[in-house]
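Here's the structure, in structure tokens; my notes come after.
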Amino acid sequence: MKNKEKKLKEIINHLKSTGFVFQGSEIYGGLSNTWDYGPLGVLLKENIKNLWWKEFILKESNNYGLDSKILMNPKVWEASGHVENFSDPLIENKINHKRYRADKIVEELFPEINAEAMDNKKLEKFIIENVKEYDGSKTNWTDIKKFHLMFETSQGVVEGSKNKVYLRPETAQGIFVNFEKVQRTMRAKIPFGIGQYGKSFRNEVTPGNFIFRTREFEQMELEYFVKPENSDKAYKYYVDKTTNFSTKIIGIKEESIKLRVHEKEELAHYSKGTTDIEFIFPFGWGELMGVANRSDFDLKNHEKQSGEKLSYRDHITQEIYTPYVIEPSIGLDRLMLAAIIDAYEIEEDGRIVMKLKKDISPYKLSVLPLSKKYHSKSAKKVFEKLIENGISVNYDEAGSIGKRYRRQDSIGTPICLTVIDETDSKGIITIRHRDNMKQETINIDDLEKYI
Ligand code: ATP
């Protein structure tokens, strides 16, 4: 096995054995490429979501939250262009009947070539001419077919095309269709934003690389509405803000990410600019999140299709215009994966430590009685007090203290508090740090201040 694959496998095994992630429906043999988040995964995910909400909604006084539905009127997806255009270029090797995303083959084998800037005809010609062997087999390629990524289902008691609905492939459209309502009810003045997080679904041709690409995933998206002439400035602001979110807030190392500015040829016709923020995954650089200037494309299309006015009247000048929109779009599962990979270390002596930033670690603290027999009563008191203060804290009394420290290191808990003999007699408690394994004692009355 290649080293790169080994690293990802090792991390997946670790996450499975510590309760971050389980294979979906495992007792029935699983369902391919589905992963359930276990108790620790849920805590990590909630922390990231809450930080996003704080940074992109609460801290920006002009931004508002929303929770729109997964199921929407199918006309939404006609207007947005998804019914017609949301597809990937599928190519099949006739020799072994395996199917692939044509653009991903080119990206993988010819990283210097910009596959996203090639249309399907160009991609097809390029692959037929240049890829004679792939995935351990000789090749005989079919033409490229457009593979539609929308998940379909039917609503109500009668099946049939009338009841066909789609599971949303992005959360953004739920925002556009509520643009006028949010603006009016919140008396919002441009520039303002609407953001939400939630599930999205795409029938991906080639899901895989663990939770990097799955058919059901979560997104955190903001649509920031601006006057067209101010869109460049807002775009730059959100490229910076989104980049800083991944590094300064989530704690990913600066050297593990890079920005990729899309070239003119690969931009959608309506897009005035797109920047991807990529992360170095064990399987190579991959998109973590993107920021796009989508112009007035979405609002104009929904206005046309619905017949409802989706323009904005400036409250001072009375000028009426359709705002441009800047969209920072973040994949929550991918961001989790990146944060974990970036933090995961095995030290020379075999110690596994996840150096997660404390703000995202599942537990901020673990309370450990040095001896279960003598110290658990006092330790439980400390635990309960911390829980009352709203801190995500864990209590662990089983096994030797050394083993318990190792377990907390391996799940990313930054600090262990050990209750010792002197906790009752002298009111002191031991603090043990994950990253350097240093220990110190402090007075228990100073604990809250310390934390
Ligand atoms: P890709 O090129 O990897 O398919 P995309 O450009 O189609 O991604 P967007 O439509 O820009 O992705 O979606 C915004 C974000 O949603 C992405 O940056 C990514 O983090 C996340 N995302 C998209 N598709 C998936 C998926 N299948 N599984 C997990 N996350 C996804």
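Numbering follows this note's numbering, in which position 53 of the sequence shown is assigned residue number 1194; successive positions increment by one, without gaps. Beta carbons are placed, not taken as given, at the ideal position from N, Cα and C, and that holds for glycine. As the structure is a prediction and not an experimental result, all values here were calculated from the model.
(1) Taking only the alpha-carbon atoms, compute the straight-line gap between K1522 and G1568 and give it to the nearest angstrom.
(2) Is the Cβ of K1567 closer than 8 angstroms to any Cβ of chain B?
(3) Is the beta carbon of S1470 within less than 7 angstroms of some heavy atom of ligand 1?
(4) What are the partner residues of H1155, as DSSP defines its beta bridges?
(5) Does the Cβ of L1308 lie closer than 7 angstroms to at least one heavy atom of ligand 1?
(6) Kindly examine ligand 1 and report whether one of its heavy atoms sits closer than 7 angstroms to the Cβ of F1438.
(7) Across which residues does DSSP place A1433 in a beta bridge pair?
(8) How close, in whole Å, do the beta carbons of E1233 and T1283 come, if the pair is a contact with beta carbons under 8 angstroms?
(9) In this structure, how does DSSP classify H1403 when only helix, strand and coil are distinguished?
(10) Is Q1610 a contact residue of ligand 1, with contact defined as CB to any heavy atom under 7 angstroms?
(11) Please classify Y1169: is it buried, with 16 or more other beta-carbons within 10 angstroms of its beta-carbon, or exposed?
(12) Among the residues of its own chain, which have a CB less than 8 angstroms from the CB of M1477, if the five just before and after it don't count?
(13) Give the list of continuous alpha helix (DSSP H) stretches no shorter than 4 residues that lie fully inside the segment 1344 to 1378.
(14) Enumerate in chain order the residues of its own chain whose CB-to-CB distance from D1229 is below 7 angstroms, with the five nearest sequence positions on each side excluded.
(15) Please classify M1578: is it buried, with 16 or more other beta-carbons within 10 angstroms of its beta-carbon, or exposed?
(16) For Q1580 and D1586, what's the separation of their Cα atoms in angstroms?
(17) State the Cα-Cα distance for the pair R1354 and S1173, rounded to the nearest angstrom.
(18) Mind checking whether G1431 and S1387 have CB atoms under 8 angstroms apart?
(19) Check whether the Cβ atoms of R1401 and D1381 sit closer than 8 angstroms, and answer yes or no.
(20) Roughly how many whole angstroms lie between the Cα atoms of K1518 and T1571?
(21) Report the CB separation of Q1314 from V1217 in whole angstroms; it is logged as a contact under 8 angstroms.
(22) Cβ of L1184 within 7 angstroms of any heavy atom in ligand 1?
(23) If you draw a straight line from the C-alpha of H1574 to the C-alpha of L1451, how long is it?
(24) Tell me where the beta strand (DSSP E) around V1560 begins and ends.
(25) Do the CB positions of H1410 and A1220 come within less than 8 angstroms of each other?
(26) Determine, using beta carbons only, whether L1511 and I1542 come nearer to each other than 8 angstroms.
(27) Where does L1558 land, buried or exposed, given buried means 16+ other C-beta within 10 angstroms?
(28) With a 10 Å radius around its C-beta and 16 neighbouring C-beta atoms as the bar for buried, classify Q1604 as buried or exposed.
(29) Roughly how many angstroms lie between the CA atoms of G1536 and T1582, to the nearest whole one?
(30) Express the C-alpha separation of K1235 and D1276 in angstroms, rounding to a whole number.
(31) Any chance you could list the alpha helix (DSSP H) runs of at least 4 consecutive residues sitting entirely within the segment 1173 to 1206, in chain order?
(32) Using 8 angstroms as the threshold, is the C-beta distance between A1480 and I1501 below it?
(33) If we count the other Cβ atoms within 10 Å of its Cβ and call it buried at 16 or more, is N1204 buried or exposed?
(34) What are the start and end residues of the beta strand (DSSP E) that includes T1582?
(35) According to DSSP, P1230 sits in a beta bridge with which residue or residues?
(36) Compute the minimum distance between the beta carbon of E1087 and the heavy atoms of ligand 1, and state whether it is under 7 angstroms.
Reading it off the structure:
(1) K1522 and G1568: Cα-Cα distance of roughly 13 angstroms.
(2) Among the protein chains of the structure shown there is no chain B, as only one such chain exists.
(3) True, at least one ligand heavy atom lies under 7 angstroms from that Cβ.
(4) Under DSSP, H1155 forms no beta bridge with any residue.
(5) The answer is no for L1308.
(6) In terms of side-chain proximity, the C-beta atom of F1438 is found no nearer than 7 angstroms to any non-hydrogen atom of ligand 1.
(7) Looking at the DSSP output, A1433 bridges to T1415 and E1468.
(8) With 8 angstroms as the limit, E1233 and T1283 qualify as a contact, their Cβ atoms being about 4 angstroms apart.
(9) DSSP places H1403 in coil when its eight states are reduced to three.
(10) Residue 1610 lies beyond the residue range present for the chain, which begins at 1142 and ends at 1592; the question has no answer from this structure.
(11) By the 10 Å Cβ count, Y1169 comes out exposed.
(12) G1182, L1185, K1186, I1189 and I1352.
(13) The alpha helix (DSSP H) runs of length 4 or more contained entirely in the segment 1344 to 1378 do not exist; there are none.
(14) Counting only residues of its own chain and dropping the five nearest sequence neighbours on each side, D1229 has a CB closer than 7 angstroms to the CB of R1242, F1288, L1290 and V1346.
(15) That one is exposed.
(16) Between Q1580 and D1586, the C-alpha separation is close to 18 angstroms.
(17) When rounded, the distance between both Cα atoms is 12 angstroms.
(18) Not in contact: G1431 and S1387 (Cβ atoms no closer than 8 angstroms).
(19) Contact flag unset, no.
(20) In this structure, the alpha-carbon of K1518 lies about 16 angstroms from that of T1571.
(21) Contact check for Q1314 and V1217: beta-carbon distance about 5 angstroms, within the 8 angstroms limit, so the pair qualifies.
(22) No, since every heavy atom of ligand 1 falls outside the 7 angstroms radius drawn around the Cβ of L1184.
(23) Going by the C-alpha atoms only, they are around 54 angstroms apart.
(24) From DSSP, the beta strand (DSSP E) with V1560 extends over I1556 to V1560.
(25) Their beta carbons are not under 8 angstroms apart, which means H1410 does not touch A1220 by this criterion.
(26) The answer is yes: Cβ separation under 8 angstroms.
(27) So L1558 ends up on the buried side.
(28) One cannot answer for residue 1604 here, as it falls past the ends of the chain, which runs 1142 to 1592.
(29) Sequence check: residue 1536 is Tyr here, not Gly. Computed Cα separation, rounded: 19 angstroms.
(30) Straight-line measurement puts the Cα of K1235 at about 13 angstroms from the Cα of D1276.
(31) Restricting attention to alpha helix (DSSP H) runs no shorter than 4 residues, the segment 1173 to 1206 encloses them at 1180 to 1193, ordered along the chain.
(32) When the beta-carbon positions are compared, A1480 and I1501 come within less than 8 angstroms of each other.
(33) With 16 or more Cβ atoms within 10 Å of its Cβ, N1204 is classed as buried.
(34) Start and end: Q1580 to N1584.
(35) Note: P1230 sits in a beta bridge opposite K1287.
(36) Given that the chain is displayed from residue 1142 to residue 1592, the structure contains no residue 1087 and the question cannot be resolved.
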